[in-house]
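Residue numbers (our numbering): 193 to 865.
Here a beta-carbon is modelled for each residue, glycine too, at the ideal position from N, C-alpha and C.
Quick caveat: nothing in here was measured; it's all calculated off a predicted structure.
First the structure, in the form of structure tokens, and then the observations on it.
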């Protein structure tokens, strides 16, 4: 009679990460309050300030009609509304539209459609023009870190919110709002004031405050720039001669007396210096202290930054409820970044109960200010149908809008959609394009995505060496998925020479960050003596860490140790319990080993019927040892009605997977495998 096959050690885990991590963010898709009888009524010919000149289309508009301007988004070939307005004059060949709300540039060639109005129009305001700025990654703050040999203006700037835009008579939230002028700085000497809105540097328009500092960066010490400044409803030119930046330490000493006098803008800036690093190194607790002083004086940006410190646990114990409270204050004051952050907290249920309606509300408010983080969040909400109707196509549009502003997660998300063909046509070339945009800025998930394309040769020329280089870069940046990927590569010789010591190194890096896959892999290497001396005690310790995180593979191999008394006192009941936990989670090797224990009566009363049930589950997952043993149970009528046909069928499956014992058994039964 044939014998059972025993599988006592799980095969080594390959751990090649796929890199398609689920996004924790998303975008929101919302109508702009207009509805839907949309009729093409012309094409934009020219835009001057708040006024658009439009050719007369098939549908003749009337004075007072509400209209929207529509463009086709490149790459995803989808229409998107960029602005709304009202017809104010009609000529023989052209009509005139006053733009009252814009989320992107209105430009020649865009189509205009008449809308049926469903809400009161926003009163038109004035902005000199709308010229697109280059997409940039949003700056952390509105003040560039001082450094020697660089020019300096000496202002602290903030985003323009709708309230400020209305007060400044702007048609949209464009420009950089000056919230403070450093005493004795070139800005003060030129007459710039807190409350001014900088719209233009020489001929470059500042449509987002985060582009202001990069726009100034190329100008040297002593150079003169001309600013277009909105003040008291008018726009005026102000010339500023740039000076030399103080060092970090000099700037800190300049700020300190002002901060100690209670000036919140100085407290904020001093906090940022401590956050980013003065000599001595970063002092995050001091940063929190100064952020708090400014926040308690209702400084909106300080409230937001203090919330970030609490959420990230930097300089203070992590506390999402406190983070939510400070974000709420800043969001209610109109800060788009805080509104987006608050939306995400509600979306994820951090510091509060999960609330998609609240997430949608705050994301919408931030999106009115073109906040890319909120756009990205709404993309995920739309992708998953959380709080809004599920619509993969619209989700792709939101990711696209945020990606054009340089949002790294949005670029990654859009690349993933192009790679998988979700919401858009599968396009590996565009996937590579958007992965590269964020990978070049250090975003590790995109490095893994781009690596995957290089390895497969999809969208780019196949280049395994480049694929490995990208994964290594991400691993060196601390990305756990990349570290697991590298460990698996070295363990199996995938794209690199097999090197168990290197595999151990990378698994250890991931394990130190709490990765259960890394912990399991280290435990298995100690258990098998791969790259290290066999050490069952060390194997037990690492596998226990992985098992404590409910990782089925770790539970299975830990059970093997208890079953065999390796590194622990032999304990069949403990082994049985661990196998059972992993088996219920669907782990095939655990199901097989649990069946063996049920069959043999280890840690329990022998139960052939239970053994058959667990063998069957593992066999259906393709485990050849389980297929063989299930066949044996059918052949011998153990725990199941004897059935030669069914027995041969399972032996054949095991033989097809290369199990020699199955081939021999088939030959004994007179079957040629």
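So for residue i, helix, strand or coil by DSSP?
{"i": "residue 866", "result": "The structure shown does not extend to residue 866, since the chain is modelled only from 193 through 865, so no value can be given for it."}
{"i": "residue 560", "result": "coil"}
{"i": "residue 264", "result": "strand"}
{"i": "residue 282", "result": "strand"}
{"i": "residue 429", "result": "strand"}
{"i": "residue 704", "result": "helix"}
{"i": "residue 206", "result": "Confidence in residue 206 is poor, its pLDDT being 31 and thus under 50, which makes the residue's placement unreliable; the coordinate value appears in the next sentence. Coil."}
{"i": "residue 458", "result": "helix"}
{"i": "residue 274", "result": "strand"}
{"i": "residue 614", "result": "coil"}
{"i": "residue 760", "result": "coil"}
{"i": "residue 840", "result": "helix"}
{"i": "residue 832", "result": "coil"}
{"i": "residue 596", "result": "helix"}
{"i": "residue 752", "result": "helix"}
{"i": "residue 687", "result": "coil"}
{"i": "residue 436", "result": "strand"}
{"i": "residue 235", "result": "strand"}
Between which two residues does the beta strand (DSSP E) containing residue i stretch?
{"i": "residue 351", "result": "347 to 351"}
{"i": "residue 187", "result": "This structure leaves residue 187 out entirely; the chain is present only between 193 and 865."}
{"i": "residue 372", "result": "368 to 373"}
{"i": "residue 390", "result": "389 to 393"}
Distance check for residue j and residue i, CA to CA, integer angstroms please.
{"i": "residue 668", "j": "residue 702", "result": "11 angstroms"}
{"i": "residue 794", "j": "residue 758", "result": "16 angstroms"}
{"i": "residue 613", "j": "residue 665", "result": "27 angstroms"}
{"i": "residue 575", "j": "residue 558", "result": "19 angstroms"}
{"i": "residue 823", "j": "residue 833", "result": "12 angstroms"}
{"i": "residue 637", "j": "residue 631", "result": "8 angstroms"}
{"i": "residue 515", "j": "residue 535", "result": "12 angstroms"}
{"i": "residue 519", "j": "residue 512", "result": "10 angstroms"}
{"i": "residue 343", "j": "residue 470", "result": "19 angstroms"}
{"i": "residue 627", "j": "residue 828", "result": "56 angstroms"}
{"i": "residue 778", "j": "residue 787", "result": "13 angstroms"}
{"i": "residue 455", "j": "residue 370", "result": "15 angstroms"}
{"i": "residue 649", "j": "residue 847", "result": "34 angstroms"}
{"i": "residue 248", "j": "residue 306", "result": "12 angstroms"}
{"i": "residue 280", "j": "residue 625", "result": "42 angstroms"}
{"i": "residue 866", "j": "residue 577", "result": "One cannot answer for residue 866 here, as it falls past the ends of the chain, which runs 193 to 865."}
{"i": "residue 566", "j": "residue 615", "result": "19 angstroms"}
How many whole angstroms separate the CB atoms of residue i and residue j, which I take to be in contact at a CB cut-off of 8 angstroms?
{"i": "residue 820", "j": "residue 791", "result": "The Cβ separation is near 13 angstroms, so there is no contact."}
{"i": "residue 770", "j": "residue 789", "result": "In fact, because the Cβ distance is near 11 angstroms, the residues do not count as touching under 8 angstroms."}
{"i": "residue 290", "j": "residue 457", "result": "That pair is no contact at about 36 angstroms."}
{"i": "residue 677", "j": "residue 688", "result": "Actually they do not touch by this definition, with Cβ atoms about 11 angstroms apart."}
{"i": "residue 738", "j": "residue 715", "result": "7 angstroms"}
{"i": "residue 237", "j": "residue 274", "result": "That pair is no contact at about 16 angstroms."}
Should residue i go down as buried or exposed, given a rule of 16 or more other Cβ atoms within 10 Å for buried?
{"i": "residue 864", "result": "exposed"}
{"i": "residue 510", "result": "exposed"}
{"i": "residue 708", "result": "buried"}
{"i": "residue 264", "result": "exposed"}
{"i": "residue 564", "result": "buried"}
{"i": "residue 776", "result": "exposed"}
{"i": "residue 801", "result": "exposed"}
{"i": "residue 859", "result": "exposed"}
{"i": "residue 587", "result": "buried"}
{"i": "residue 216", "result": "Summary for residue 216: the model assigns pLDDT 26, below 50, so the residue's position carries little reliability, and this model does not support an answer."}
{"i": "residue 324", "result": "Because the pLDDT at residue 324 is just 39, under 50, the model does not fix this residue reliably, and the point stays unresolved."}
{"i": "residue 480", "result": "buried"}
{"i": "residue 528", "result": "buried"}
{"i": "residue 355", "result": "exposed"}
{"i": "residue 765", "result": "exposed"}
{"i": "residue 804", "result": "buried"}
{"i": "residue 653", "result": "exposed"}
Need the endpoints of the alpha helix (DSSP H) that residue i sits in, please.
{"i": "residue 477", "result": "476 to 487"}
{"i": "residue 781", "result": "780 to 792"}
{"i": "residue 423", "result": "Unbroken run through residue 423 is the beta strand (DSSP E), 416 to 423; no alpha helix (DSSP H)."}
{"i": "residue 733", "result": "728 to 740"}
{"i": "residue 661", "result": "656 to 668"}
{"i": "residue 684", "result": "672 to 684"}
{"i": "residue 512", "result": "512 to 524"}
{"i": "residue 450", "result": "440 to 452"}
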